Amino acid sequence: MAIETTTAPTKARIRKGDTVVVLSGKERGKQGKVLQVMPSLSKVVVEKLNIIKRHTKPGKSNKGGIIEKEGSLALSKVMVVCPHCAKPARLGVAVLDGGRRMRRCKRCGEIVDKG
101 MAIETTTAPT
111 KARIRKGDTV
121 VVLSGKERGK
131 QGKVLQVMPS
141 LSKVVVEKLN
151 IIKRHTKPGK
161 SNKGGIIEKE
171 GSLALSKVMV
181 VCPHCAKPAR
191 LGVAVLDGGR
201 RMRRCKRCGE
211 IVDKG
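Per this note's numbering, the sequence shown starts with residue 101, numbered consecutively.
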């Protein structure tokens with residue numbers, strides 16, 4: 101009998117509204133804004149990237165036809181673009197005075213979060 105292993109969802113350091121660059125695949129090198137993050141699935145939806153087509157039948161409420169929308173990308177295949185140095189960078193956590201945790205660019209050291 102095989103042993104079942106469960107994996108905890110990865111902690112997503114990418115947030116909605118971040119600009120990301122795709123690291124591999126057909127969209128490699130392209131940048132876009134994050135529309136949705138799904139940490140439990142380790143997926144992210146990026147604006148105008150990984151466009152998929154859905155063929156829908158006409159019904160009472162909708163017309164039907166071919167609908168184009170953004171598909172999800174693996175969380176490991178995208179990297180945040182730092183707004184300060186404008187380069188793809190890994191993010192770390194900086195603890196500010198008062199115990200507030202903010203995301204920090206590991207390339208230039210600047211705080212990435214707004215506010």
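Glycine included, C-beta positions come from ideal geometry on N, C-alpha and C. Please read these numbers as outputs of a predicted model, since none were measured by experiment.
Residue i versus residue j: straight-line alpha-carbon distance, rounded
{"i": "V221", "j": "K169", "result": "The structure shown does not extend to residue 221, since the chain is modelled only from 101 to 215, so the question has no answer here."}
{"i": "N162", "j": "L175", "result": "33 Å"}
{"i": "R154", "j": "Q131", "result": "23 Å"}
{"i": "M202", "j": "S124", "result": "28 Å"}
{"i": "D118", "j": "G129", "result": "16 Å"}
{"i": "I152", "j": "G171", "result": "6 Å"}
{"i": "C182", "j": "C208", "result": "9 Å"}
{"i": "I114", "j": "V137", "result": "7 Å"}
{"i": "V178", "j": "K111", "result": "14 Å"}
Beta strand (DSSP E) segment containing residue i, residue limits
{"i": "G129", "result": "Note, G129: premise wrong, no beta strand (DSSP E); not H, not E."}
{"i": "G192", "result": "191-195"}
{"i": "V122", "result": "119-122"}
{"i": "I152", "result": "151-156"}
{"i": "V178", "result": "178-180"}
{"i": "R203", "result": "201-205"}
DSSP bridge partner residues for residue i (one or two, in chain order)
{"i": "L173", "result": "V144"}
Neighbour-count burial assignment, residue i, 16 or more Cβ in a 10 Å radius
{"i": "R200", "result": "exposed"}
{"i": "E127", "result": "buried"}
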